[in-house]
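Asker: Numbering (this note's numbering), first residue to last: 1 to 577.
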RNA sequence: GGCCUUGUGGUGCAAUCGGUAGCACGCCGCCCUUUCAAGGCGGAGCCUGCGGGUUCGAGUCCCGUCAAGGUCACCA
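1) Would you report the Cα separation of residue 332 and residue 324, rounded to the nearest angstrom?
2) In terms of DSSP beta bridges, what is residue 252 paired with?
3) Looking only at C-alpha atoms, which of 45, 53, 322, 492 sits nearest to residue 112?
4) Among 193, 234, 199, 200, which residue has its Cα nearest to the Cα of residue 217?
5) In the structure shown, what three-state DSSP assignment does residue 365 receive?
6) Can you check which of these residues, 190, 74, 555, is closest to residue 34 by C-alpha distance?
7) From residue 51 to residue 59, what distance separates their C-alpha atoms?
8) Which residues bound the beta strand (DSSP E) around residue 205?
9) What did DSSP end up calling residue 157 once you bin it into helix, strand or coil?
10) Within 10 Å of its beta-carbon, does residue 460 have 16 or more other beta-carbons around it, so buried, or fewer, so exposed?
11) Please classify residue 87 as buried or exposed, where buried requires at least 16 neighbouring CB atoms within 10 angstroms.
12) Does DSSP put residue 240 in a helix, a strand or coil?
13) Going by DSSP, what residues sit across from residue 165 in a beta bridge?
14) Cα-Cα, which of 197, 285, 390 is closest to residue 355?
15) Using a threshold of 7 Å, state whether the C-beta atoms of residue 463 and residue 552 are closer than that.
16) If residue 174 sits next to residue 148, beta carbons under 8 Å apart, how far is it from one beta carbon to the other, in whole angstroms?
17) Helix, strand or coil, according to DSSP, for residue 86 in the structure here?
18) Once you ignore the five residues that flank residue 428 on each side, which residues in its own chain have a CB closer than 8 Å to its CB?
19) How is residue 519 classed by DSSP in three states: helix, strand or coil?
20) CB residue 482 to CB residue 501, shorter than 7 Å?
21) Between which two residues does the beta strand (DSSP E) holding residue 60 run?
22) Can you tell me whether residue 84 is buried or exposed? The criterion is at least 16 other CB atoms within 10 Å of its CB, across all chains shown.
23) Please report the distance separating the alpha-carbon of residue 117 from that of residue 159.
24) Please list the terminal residues of the continuous alpha helix (DSSP H) segment that includes residue 565.
25) How many whole angstroms separate the CB atoms of residue 23 and residue 65, which I take to be in contact at a CB cut-off of 8 Å?
26) Closer than 8 Å is the cut-off here; do at least three beta carbon pairs connect the region 230 to 237 with the region 265 to 285?
27) Just confirm the distance between the C-beta atoms of residue 167 and residue 153, as a whole number of angstroms; I'd bet it's less than 8 Å.
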């Protein structure tokens, strides 16, 4: 491997997303690597929004990407003032946080915002270099655009993939200034080179899809060095291309997977039930009121009419909003692809960061669980692999569960509060949530069995349900065994407990009930577990709840007794049936 | 199709200069246990895509082949 040409320059890395959608997991990993590498070498990490494609870029995307980066804790070390949330631009005003997700309410915003290429283009930064190339005959005009000549063999070294060389015959002249959009904007290939050079970026860390594009960039660096006579500024950086992140199936993990999931579900339904039934089902899903509601939550109109749905099924479009919204009503779970998806699903930043750091990189020993400090200390380009890695959600979940268990009870309870506030309005209004003591008890009981934040909410939905909403089904084996088995011993014990609970105080009911059960168990010589299961079932409808004292305490005396009576009735009805 | 790249148990990764493959997730069993988790203990599962070659010896070098990914835009 040749000596690092940049060894004498301070390390500068950057993350340069184009704001054409949300920050996806691959982008997050690239950003993480670039950030970690800069930290490791006491260098700087900068952010640059590549918004030279006017048609596809949007302020919303910019905002979303910055928010997600902030959520992950990946901040820029230099740059203009943080952009305001209103404009998504670098207008220099203090950040207006009102538009941000409540889940992130007290996150750090960082001291610096990103550079914007659209702004730099407006400042004329790229134009003068294009002119130089034109003057030197290294580029020429072509139908309003400007093309750069590629008439020599190009070779460069990538820190991951090694020496790459391409013959001139396989290279084509490429556009560096667009003829469209007013004829002023540089293309991506030109803008990255100019910006990276001017911002003194020493290590360009990006996705492998740019590997072959790098021939263009290398040629541009060389040409610009020659034309300006400034070899120092236009020194080629170290290129670092990271392998792709794939789906378990082998396809590249992309946001289009969401559209695919929805479409598959729909076409499957159509094949099974016929088009007519589908038409009816979909119109039942998408009533005008629902559409109106959707649009109000989306903040902008979403085209959900018949032709739009037909076009979607015929693969004519993959509109992001359409997919998200329709999937919600159609009842399809979309795969998590973007950072925001993982946040919504209840993953912790630390777990996500830890997991994606391992996608294509490893510390060299068998250590898998580590934090950002460890990453910054250990990160090295040499340990980035060349082969694509596939994204294993099961393993990610395990990482998250481990991270959740490592949280202190207080921090966990706080995380849960934020999650509930942001994503679970039904829980946010419940007495368990609003009563601090109860919330603490609940979180303390569920923490160690939580894989992702919504787990305890979903597993314990019975806690916030109405008493008469609890349904009893004695068919499942664990339920039958506990209630019906052994000559309906469970029913008998339940009656015993119901009687025993009657005199207990409503205050501190959970602990009192627990003590009572212990007494009854001891007196009858029957195993405590035999008592616990029937109450569990009575109170939740199923065999799984947090420890019985906590569960009953959370529910309170009235609800507990009511549910026990209802369960008894249901059991009798079941027996006589 | 041209060019570039990759290919280790189900999955994610290890294996410094070539010496008979290790860790984690998952899975199975046992223990613990008032359920479920968690935890403890143990187990099954790759001879390294395939075929040649070099070598005393190759996952690790060479050739071929197959498979996969990337790229060939006035998108980034």
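Ideal Cβ positions, reconstructed from N, Cα and C, are used throughout, including at glycine. As the structure is a prediction and not an experimental result, all values here were calculated from the model.
Answerer: To lay it out plainly:
1) When rounded, the separation of the alpha-carbon atoms in residue 332 and residue 324 is 10 Å.
2) The secondary-structure analysis by DSSP pairs residue 252 across a beta bridge with 246.
3) That would be 45, whose Cα lies nearest to the Cα of residue 112.
4) Per the Cα distances, 193.
5) Of the three classes helix, strand and coil, the one that applies to residue 365 here is coil, per DSSP.
6) If you compare the alpha carbons of 190, 74, 555 with that of residue 34, the shortest gap goes to 74.
7) Answer to the nearest angstrom: the Cα atoms are 10 Å apart.
8) Secondary structure note for residue 205: its beta strand (DSSP E) is the uninterrupted segment 203 to 207.
9) Reduced to three states, the DSSP call for residue 157 is strand.
10) In this structure residue 460 is buried. Its beta-carbon is surrounded by 16 or more other beta-carbon atoms within 10 angstroms.
11) No answer about residue 87 holds up, because its pLDDT of 46 lies below 50 and its placement is not dependable.
12) The answer is strand: DSSP assigns residue 240 an E or B state.
13) Bridge partners of residue 165: 155.
14) 390 is the residue among 197, 285, 390 whose C-alpha sits nearest the C-alpha of residue 355.
15) Result no, Cβ atoms of residue 463 and residue 552 do not sit closer than 7 Å.
16) That pair is a contact at about 6 Å.
17) Below a pLDDT of 50, predicted positions are generally treated as unreliable, and residue 86, at 45, falls in that range; the measurement from the model is reported next regardless. Coil at residue 86, not helix or strand.
18) Taken in chain order, the residues that qualify are 420, 421.
19) DSSP, read as helix, strand or coil, puts residue 519 in helix.
20) Taking 7 Å as the Cβ cut-off, residue 482 and residue 501 do not qualify as a contacting pair.
21) For residue 60, there is no enclosing beta strand (DSSP E); the residue is found in the alpha helix (DSSP H) stretching over 59 to 72.
22) A caution first: residue 84 carries a pLDDT of 49, below 50, which makes its placement in the model too unreliable to give a value.
23) Residue 159 has its alpha-carbon roughly 26 Å from the corresponding atom of residue 117.
24) Where residue 565 is concerned, the enclosing alpha helix (DSSP H) stretches over 557 to 576.
25) That pair is a contact at about 4 Å.
26) Fewer than three pairs of CB atoms, one per stretch, sit closer than 8 Å, so the region 230 to 237 makes no contact with the region 265 to 285.
27) Contact flag correct, Cβ pair sits at about 5 Å.
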